[in-house]
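Chains as they are written, first to last, in full-length UniProt numbering: chain A, 1 to 408; chain B, 1 to 298.
Heads up: the structure comes next, in structure tokens.
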Amino acid sequence: MELTRRSVLAGAAAATAIAPLSRARAQANTIKIGVLTDMSGTYRDNTGPTSVAATREAVAEFGTSHGFTVEVLDADHQNKPDVGSNIARQWYDQGVDLILDVPTSSVGLAVNQIAKEKNKAYINVGSATADLTGAQCAATTIHWAYDTYMLAKSTGGAMVRAGGDSWYFITADYAFGHALERDTMAFVRAAGGRILGNVRTPFPGTSDFSSFLLQAQAARPKVIGLANAGGDTANCVKQAAEFGITRGGIKLAALLLFINDINGIGLQTAKGLICTETFYWTMNDKTRAWTQRVVRRTPTNYPNMIHAGCYSGALHFLKTVADMGVPAAKASGVDLVNRMKARPSEDDLFGRCEIRADGRRLLPSYLLEVKSPEESTGPWDYYKVAQTTPANEAFRPLAEGNCPLVRG
Amino acid sequence: MLELIETITGVPAPLLFGQVLLGLINGAFYAMLSLGLAVIFGLLNIINFTHGAQFMMGAFVAWMLLAWAGLGYWWALILAPLIVGFTGVVIERLMISRLYKLDHLYGLLLTFGIGLIIEGVFRNQFGSSGLPYRIPPELSGAWDLGFMFMPVYRGWVVISSLVVCLATWLVIEKTRLGAYLRAATENAALVQAFGVNVPRMITLTYGAGVALAALGGVLAAPIYSVNPQMGTNLIIVVFAVVVIGGMGSILGSIITGFGLGIVEGLTKVYWPEASATVIFVIMAIVLLTRPAGLFGRA
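Next up, the structure:
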């Protein structure tokens, strides 16, 4: 064939016309998961890069034999609701099919609104607030791994049962701290305990808690409830040990504490602390094998319940997409989430878990006691399981949440 | 007597004493950090926004010495300030020295940027939840003061900080070296004409200011968790301390540091929610009434 100017032009025109088409087809056949998390702030180790690694692990395990490709994006919301909202909006507009993780309750709630507005799927793993399945529940949202109610019930309830019937709270002065304090106070009172007082500490920006600890001590409670998280809790625990508060017989209830925080505090100081998670990496052979795979990607940070939740949530999401087909999954977030709720999630880490109409995934919670350095036999061997609360008792009953989706 | 205090203040006397003492301990950190800032500002005219990151580096170097080289707390007290001080010298030679002829603002932006980068690097390397660093066995335990348990280590922090502050003040006010420093602050060109190597003196002064921050970091390591954000939390307060005391005033920064620590401690009893802001309220009042600060010269 003679190469004329006309044929070259025609070829070029055809190529330009086809290129976007094939790109569009690839787009239509790619499922995108956006992990929106704290990559640079105080919750980085509890969520952050390890959440992304766990999600990628789920995608790798899900494989490529389902007729569509999966892409994982990640972004840093800096624990700021406005930053998080902007990224979420942009992602959903650009064809992201699921937003995953989103720690920090204020950001978690903001993204909840956007997912609802855009009719897109949202699995929240990292935020604590039980409002995500309560007053602010949405048909596009599933709350995956834990919440303030379940923490309060497990840790708070256990402390009261063990004789800790008078409490003083040290509370981070923002939405999350208030919610955790409120939920725990309710359990303490219901179990016949007394609240002797509370102190609200500025957040962020407080690193010396000794004044607050001494005020708590002066009220002579049996338990000091720490309604804070991350570095704040770590500093409280360290300083309580330093000032001999725990030696004097007062017990600390760290209401939200992750294995990563314990690594930072050190077993010598953290030993004997009681906390609650829904996942512990060395629970059985399957969790250990999975952890070894994830730790290859983030060698200095072991996975906690949020990381395990990101894996399990991504996997359940992908299975559901494979089930209903990519076009249907992309068409409506509500339909997609309804399909996800319709069947229990099932994986190596959590087993079978039902997902309730209000978006609450039900899973057992473990009351954990931190080992002493002598009891610990290897790196990150930190917990003894003290008690297990079954899935159907761990969380707030459906009727008490005031979720509009289930009200009549 | 105790009842009288209780009636006047509305707070049980033991609790009040405890809070004043705790305020003094926090004040020790404020004093030591603001002292370094004051020394640097006095001679270099640079507002060193990297100070928080350098404080954090001090704590991390202490941790590294222990974890990687097996060198304990006492070695860290000497080595960490030297190591971090040396990085300060490098930063001053390579970057800050190019800005002396420009407006303050450039130095501020540069040091702020360097601080953010250092913090980011440490966060990437070590994560955000911190690393454990134990109180050395010689300083563990606590004294029962009757009204509170006073950890031996906190007492050590107050005393060593006082000694360091006093020594720095003596060096600057009472020695020949200090005289050169003060003279160079007034008129660098003239001092240089007398044969003093002013650029080198400036470099070493920056290194010394940074070393003070690092020393503060080593002292803080066993109390706070060693994490990349530990400097950020403290440094904003310390800047307020420097402004209240008077920019560049050595004695001012020491007295204000301890004083504001106590004010903050008392606020934690009477109005805990405001304890993070009280220092800034004081700063606003001081700026309105004495713009040069309590001890500064206008």
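Just so it is clear, CB atoms sit at the ideal spot from N, CA and C, and this is done for glycine as well.
These numbers come from a predicted model, not from an experiment.
Report task. With 7 Å as the limit, tell me which residues of the segment 23-48 of chain B have their beta carbon closer than that to any beta carbon of chain C; keep them in chain order. Result -> No chain C is present in this structure, whose protein chains are A and B.
Query raised in the report: Taking A:Thr129 as the reference, which of A:Ala139, A:Asn119, A:Lys120, A:His143 has the closest Cα?
Result: It is A:His143.
**Report entry** Residues that B:Phe149 contacts on chain A, provided the C-beta gap is smaller than 7 Å
**Finding:** The contacting residues are Phe243, Gly244.
Requested in this report: Anything in chain A within Cβ reach of B:Val269, meaning under 8 Å, just list it in chain order.
Outcome: Neighbours of B:Val269 on chain A, chain order: Ser211, Gln215.
Query raised in the report: Is A:Met1 buried or exposed, if buried means 16 or more other CB atoms sit within 10 Å of its CB?
Result: For A:Met1, the predicted model reports a pLDDT of 44, less than 50, meaning its position is unreliable; a value from the coordinates is still stated below. Exposed is the call here.
Query raised in the report: In chain A, which residues lie with their C-beta within 7 Å of the C-beta of B:Arg98?
Result: Here the premise fails: no neighbours, minimum Cβ distance about 29 Å.
Query - Interface positions of the segment 298-316 of chain A facing chain B (Cβ-Cβ less than 7 Å), listed along the chain - result: Residues passing the 7 Å Cβ filter: Thr300, Asn301.
Query raised in the report: A:Asn338 touches chain B at which residues, Cβ-Cβ below 9 Å?
Result: Residues of chain B with a Cβ closer than 9 Å to the Cβ of A:Asn338 do not exist; the shortest Cβ-Cβ separation is about 37 Å.
Report task. For the segment 368-406 of chain A, list the alpha helix (DSSP H) runs that are entirely contained and at least 4 residues long, ordered along the chain. Result -> 391-394
Report task. Label B:His104 either buried or exposed according to how many other C-beta atoms from any shown protein chain fall within 10 Å of its C-beta, with 16 as the threshold for buried. Result -> exposed
**Report entry** Anticipated Cβ contact below 8 Å, B:Ser225 with A:Lys238, distance rounded
**Finding:** Indeed they touch by this definition, with Cβ atoms about 7 Å apart.
Query raised in the report: Among B:Gly10, B:Leu16, B:Ile8, B:Thr7, which one has its Cα closest to the Cα of B:Val263?
Result: B:Leu16
Query raised in the report: Which term fits A:Phe258, buried or exposed, when burial requires 16 or more other beta carbons within 10 angstroms of its beta carbon?
Result: buried
Query raised in the report: What's the gap between the Cα of A:Ala229 and the Cα of A:Ala172?
Result: 8 Å
Query raised in the report: Does B:Glu273 have its Cβ less than 9 Å from a Cβ in chain A?
Result: With 9 Å as the cut-off, B:Glu273 counts as an interface residue toward chain A.
**Report entry** Residue from A:Gly63, A:Leu196, A:Leu349, A:Glu242 whose Cα sits closest to the Cα of B:Asp144
**Finding:** With distances taken between Cα atoms, B:Asp144 lies closest to A:Glu242.
Query raised in the report: At a Cβ cut of 7 Å, what residues of the segment 103-119 of chain A count as close to chain B, listed as they run along the chain?
Result: Those would be none; no residue qualifies.
Query raised in the report: Within 9 Å (strictly less), CB to CB, does A:Phe176 reach chain B?
Result: no
Query - Option in B:Phe149, B:Phe55, B:Arg93 with minimal Cα separation from B:Ala80 - result: The residue with the shortest Cα to Cα distance from B:Ala80 is B:Phe55.
Query raised in the report: Ordered along the chain, which non-local residues of its own chain (more than five positions away) have a Cβ less than 6 Å from that of A:Lys251?
Result: Gly164, Val223
Query - Endpoints, the alpha helix (DSSP H) within which residue 410 of chain A is located - result: Here chain A comprises residues numbered 1 to 408, so residue 410 of chain A is not present and cannot be evaluated.
Report task. Please report the residue range of the alpha helix (DSSP H) in which B:Lys174 lies. Result -> In the DSSP assignment, B:Lys174 falls within the unbroken alpha helix (DSSP H) covering 152-174.
Query raised in the report: Expressed to the nearest angstrom, what Euclidean distance is found between the alpha-carbon atoms of B:Asn187 and B:Ser34?
Result: In this structure, the CA atom of B:Asn187 is about 24 Å from the CA atom of B:Ser34.
Requested in this report: Just list the beta strand (DSSP E) runs in the segment 184-250 of chain A, keeping only unbroken ones of 3 residues or longer that don't cross its boundaries, in chain order.
Outcome: 194-201, 223-227
Query raised in the report: Given that a residue counts as buried once 16 or more other Cβ atoms are within 10 Å of its Cβ, and exposed if not, what is B:Val281?
Result: Exposed, since its Cβ has fewer than 16 Cβ neighbours within 10 Å.
Query - Separation of A:Leu336 from A:Val321, as counted between CA atoms - result: In a straight line, the C-alpha of A:Val321 is about 8 Å away from that of A:Leu336.
Query raised in the report: In this structure, does DSSP put B:Leu102 in helix, strand or coil?
Result: coil
Query raised in the report: Cβ of A:Lys251 less than 9 Å from any chain B Cβ?
Result: no
**Report entry** Chain-ordered chain A contacts of B:Met283 [CB-CB under 8 Å]
**Finding:** Going along chain A, no residue has its Cβ under 8 Å from B:Met283, so there is no contact; the nearest lies around 15 Å.
Query raised in the report: Between the segment 271-281 of chain A and the segment 188-208 of chain B, do three or more beta carbon pairs fall short of 8 Å?
Result: no
Query - Contact check, A:Lys341 vs A:Ala357, beta carbons under 9 Å - result: yes
Report task. Put B:Ile135 into one of helix, strand or coil per three-state DSSP. Result -> coil
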